[in-house]
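> Using our numbering, read the sequence shown as starting at 725 and increasing by one per residue.
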Amino acid sequence: MTPSFMAVLDLLIRMILIYYIAIHGIYFILIILGAFEQKKFHQAIQFREFKRISESPLTPPVSIVISAYNEEMVIVHTLLNVLQLRYPQFEVVVVNDGSEDGTLQLLIDTFQLEPFDKVFRKQLQTKPVRGVYKSAMHANLIVVDKENGRRADANNTGVDHARYPIICQIDADCVLEQDALLYMIRPFLYNSKVVAAAAMIRPSNGLVVEEGRIISRDLPDRWLPLFQAVEYLRSFQWARLGLTRIRSMLCMSGAFTVIRKEVFIALGGANTSAVVDDFELTVTLHRYIHEHKEARDFEITYIPDPGCYTQVPETLKAFRSQRNFWQRAILQSLIWNRDMAFNPRYGMAGMFGVPFYFIFEAMSAVVESGAYIIAVLVLLLRIDSPVILLLLFVFGVVLGSLVSICAILLQATTRMRVEKPRDLIRLLLAGIVDHLGFHQYHVFCRLVGIYDLLIRHKTVYGYRERTEYKSSS
């Protein structure tokens, strides 16, 4: 090997090792910050106050908006679940986004839907509405049937038809604990500056659900959703809690988000041009807060473990499609909002949030792929440097597993902790081995996502799967 080649290789290895130290170090710090944030959250809560909130006439009414496209497998379970929420006053607005399966007819038959002439104030541009239905069984349930326009357009349609000042957006495959909405609305009652609340989401693949009620809460049986359960703890719970503490959380998951209707309208609604709307909506909200004087005091909060579960992919094909989609969504939004990066005008969201998501979320797949290529080159070229491979393994695999284990052990302190010792052992085992194959596949999916956005300009979702919930019988 020429000296110049070895010098370049040595420089690349040093840069990758520094990157690994930085990414795992920052995630560890965020997890610790998240732990403090969760402790602060639970210290402030008195569980008897939820009874007062659920019975108080001062508790604001909420419009729950659920967008549905080809969701006949899960939509009935979700609606039965949501209609049983413990909350004083709410309505459910289901938006059938031009489904091509039997979603609409299933809703009509199951909930005795009848045509309904609804008067509403149109404030957002959406695809045409084909009809509105009201349930004869549940006075607080309406279904809006519209032309397909994807989730952002469906959410905008739902908000247009919503009666109440606070909007709760839920994915069609989600199920909630009965007091989940009380957890989400609590910050709005105690702090008038709160305009939006995001939530920790958990995989529902191990749940037993009957007639909309959660009967048991087991971990997923299969390894792929179990690996994702670990990832949700590490990245979606603790890291996002830590980012919230420093006002840098840029992704309110569309699976379960609460936002003031007037603020949603002021933002122009969800961006229908975005690959996916939730990340872009959050970044847009941060931008709005810092660009409008009257919004400077607005706050976005993150609720740990309110009790929301969503289906995660159980096949490699579905997982690849989902993560490709997420990667495109994050990168697209960061490119659109690149002027916020390192810009003090946008506070911590600009100085830390946008750079963090770009360097350590959007581009980590590129850096890690480079590390794997270098490792292969070292082997193929028979470069006598076992230290290189050892360092890449330690910093790329061992540190990642340690961060996962830390997140799992912290989970034992939460109200949604794993009760069975066997399940805790399974989570810890998954946290150790997920960097020995699953993580590398995840990197590949995200790398393809970058290619699909920048080269192929792909914006559609791709393959998606739904499965029926388990029953105790």
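The C-beta atom is built at its ideal place from N, Cα and C for all residues, glycine as well. From a predicted model like this one, the values you see are computed outputs, not experimental measurements.
Helix, strand or coil for residue 1041 per DSSP?
helix
> Taking just the CA atoms, how far does residue 1099 sit from residue 731?
16 angstroms
> Between residue 1089 and the rest of its own chain, which residues show a CB-CB distance below 6 angstroms, the 5 nearest in sequence each way excluded?
1167, 1170 and 1171
> According to DSSP, simplified to helix, strand and coil, what is residue 1190?
Secondary structure at residue 1190: coil, using DSSP grouped into helix, strand and coil.
> Among 1016, 1001, 815 and 754, which has the Cα closest to the Cα of residue 889?
815
> Quick check for students: name the residue ranges of the beta strand (DSSP E) that lie wholly in the stretch 927-960, counting only runs of 3 or more.
Complete beta strand (DSSP E) runs here, min 3: 931-934 and 937-941.
> Taking only the alpha-carbon atoms, compute the straight-line gap between residue 1160 and residue 969 and give it to the nearest angstrom.
Distance between the alpha carbons of residue 1160 and residue 969: 32 angstroms.
> With a CB to CB cut of under 8 angstroms and the five nearest residues on each side skipped, what residues in its chain are close to residue 1039?
948 and 1189
> With residue 985 and residue 883 assumed to form a contact (beta carbons below 8 angstroms), what rounded beta-carbon distance in angstroms separates them?
6 angstroms
> Does the beta carbon of residue 898 come closer than 8 angstroms to any beta carbon on chain C?
This model lacks chain C altogether; it includes just one protein chain.
> Indicate the three-state DSSP secondary structure (helix, strand or coil) for residue 787 in the structure shown.
Residue 787: strand per DSSP, three-state reduction.
> According to DSSP, which residues form a beta bridge with residue 859?
837
> For a quick check, are the C-beta atoms of residue 787 and residue 891 less than 8 angstroms apart?
yes
> Which same chain residues end up closer than 7 angstroms to residue 887 when comparing Cβ atoms and leaving out the 5 residues on each side of it in sequence?
787 and 815
> Start and end of the beta strand (DSSP E) containing residue 844?
Premise fails: residue 844 is in no beta strand (DSSP E) and is neither H nor E.
> Determine the DSSP secondary structure at residue 968, reduced to helix, strand or coil.
helix
> So, under 8 angstroms CB-CB, residue 1012 and residue 998 are touching, yes? Tell me the CB distance rounded to an integer number of Å.
16 angstroms between Cβ atoms; not a contact.
> Taking a contact to mean a Cβ-Cβ separation below 8 angstroms, would you say residue 1181 touches residue 1124 in this structure?
no
> Using the C-alpha atoms, what's the distance from residue 945 back to residue 926?
15 angstroms
> Tell whether a beta-carbon distance below 8 angstroms holds between residue 982 and residue 921.
yes
> Decide if residue 726 is buried, meaning its Cβ has at least 16 other Cβ atoms within 10 Å, or exposed.
exposed
> Could you check whether residue 974 and residue 1016 sit closer than 8 angstroms to each other, using their CB atoms as the reference points?
no
> In angstroms, rounded to a whole number, what distance separates the CA positions of residue 854 and residue 774?
Cα to Cα, the separation comes out at about 39 angstroms.
> In the DSSP assignment, find the unbroken alpha helix (DSSP H) run with residue 870 in it and report its ends.
Unbroken run through residue 870 is the beta strand (DSSP E), 865-870; no alpha helix (DSSP H).
> Evaluate contact between the stretch 1040-1059 and the stretch 936-945, counting only Cβ atoms and requiring at least three cross-stretch pairs below 8 angstroms.
Contact between the stretch 1040-1059 and the stretch 936-945 is absent, with fewer than three C-beta pairs closer than 8 angstroms.
> On the DSSP bridge list, what partners appear for residue 1027?
Answer by DSSP bridge pairing, in chain order: 923.
> What's the C-alpha gap between residue 1028 and residue 924?
When only Cα atoms are considered, residue 1028 and residue 924 end up about 5 angstroms apart.
> In angstroms, rounded to a whole number, what distance separates the CA positions of residue 813 and residue 803?
16 angstroms
> DSSP three-state label for residue 1013, please.
In this structure, residue 1013 counts as helix in the three-state DSSP scheme.
> Going by DSSP in three states, residue 1067 sits in which element: helix, strand or coil?
When DSSP states are grouped into helix, strand and coil, residue 1067 belongs to the coil group.
> Is residue 1150 helix, strand or coil by DSSP?
helix
> Tell me which residue opens and which closes the beta strand (DSSP E) that residue 981 is part of.
980-984
> So, at 6 angstroms on beta carbons, what are the nonlocal neighbours of residue 757 in its own chain, with the 5 sequence-adjacent residues on each side left out?
Answer for residue 757: 966 and 969, listed in chain order.
> Report, in whole angstroms, the separation of the C-beta atoms of residue 963 and residue 754, which I expect to be a contact under 8 angstroms.
5 angstroms
> Using beta-carbon positions only, say whether residue 957 and residue 1135 come within less than 8 angstroms of one another.
yes
> Between the Cα of residue 951 and those of 931, 1128 and 859, spot the shortest distance and give me the residue it belongs to.
1128
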